[in-house]
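First the structure, in the form of structure tokens, and then the observations on it.
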Amino acid sequence: MWFLMIHFSCVQLAGVVAVEVSGGPVIPFHPGREDKPQPPPEGRLPDATKGSDHLRQVFGKQMGLSDQDIVALSGGHTLGRCHKERSGFEGPWTRNPLKFDNSYFTELLSGDKEGLLQLPSDKTLLTDPVFRPLVEKYAADEKAFFEDYKEAHLRLSELGYAEA
1 MWFLMIHFSC VQLAGVVAVE VSGGPVIPFH PGREDKPQPP PEGRLPDATK
51 GSDHLRQVFG KQMGLSDQDI VALSGGHTLG RCHKERSGFE GPWTRNPLKF
101 DNSYFTELLS GDKEGLLQLP SDKTLLTDPV FRPLVEKYAA DEKAFFEDYK
151 EAHLRLSELG YAEA
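Shown next as structure tokens:
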């Protein structure tokens, strides 16, 4: 069991370090969370082909996160890319997928662009009346995005965490 705790702490540490070294906010890290020995049931992570009700079901009802958390965490798509063999989708969300910034939101607001990915679950952020103002806020104010992302990332990483 100690191996699982170390492994999970390493995964979480890698996540917070990746955000920081790519230009994002410093996220507090609390090592020692015990992971479960089995993977979560199917449906624990959001389906990229679904809309806002699904995002709220997964992040809100199942994980206890807020609408603001959902939009802020979606901004994590500023890093990296989708790989067809893993998700069925291909490509980066932003022009510089190695930099953590608010470009996910500015690209989302500017519409479809050749070479950049916008999943159905991304586009739903624009059509939902609660999500869209947050997208607009983060596109206009990177500092606000960083602050909200940091808090949402911490909440997500501490799900199920209990101090010994």
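When we follow full-length UniProt numbering, the leftmost residue of the sequence shown carries the number 1, and every step to the right adds one.
Glycine included, every Cβ here is placed at the ideal spot set by N, Cα and C.
Treat the numbers as computed from the prediction; the structure is a model and nothing was measured.
{"Query": "For R95, which residues does DSSP report across the bridge?", "Result": "Answer by DSSP bridge pairing: none, since R95 is not bridged."}
{"Query": "With a threshold of 16 other CB atoms inside 10 Å of the CB of W2, please say whether the residue is buried or exposed.", "Result": "Summary for W2: the model assigns pLDDT 40, below 50, so the residue's position carries little reliability, and this model does not support an answer."}
{"Query": "Nearest to S117 by CA position, among Y104, F100, V17, H153, is which residue?", "Result": "Looking at the sequence provided, one finds Leu at residue 117 rather than Ser. Minimum Cα distance to L117 is reached at Y104."}
{"Query": "Candidates G60, P120, S157, D101: which alpha carbon is nearest A48's?", "Result": "P120"}
{"Query": "What are the boundary residues of the alpha helix (DSSP H) that includes Q68?", "Result": "67-74"}
{"Query": "For the alpha helix (DSSP H) containing T124, name the first residue and the last one.", "Result": "120-127"}
{"Query": "Taking 7 Å as the cut-off, decide whether the C-beta atoms of F29 and V16 are in contact.", "Result": "yes"}
{"Query": "Measuring alpha carbon to alpha carbon, tell me which of E151, L125, P31, I70 ends up nearest L45.", "Result": "I70"}
{"Query": "Please report the distance separating the alpha-carbon of Q62 from that of L79.", "Result": "25 Å"}
{"Query": "Would the region 50-61 count as touching the region 124-131 if we require 3 or more Cβ pairs under 8 Å?", "Result": "yes"}
{"Query": "For S74 and T94, what's the separation of their Cα atoms in angstroms?", "Result": "13 Å"}
{"Query": "What's the call for L13, buried or exposed, on a 16-neighbour Cβ count within 10 Å?", "Result": "exposed"}
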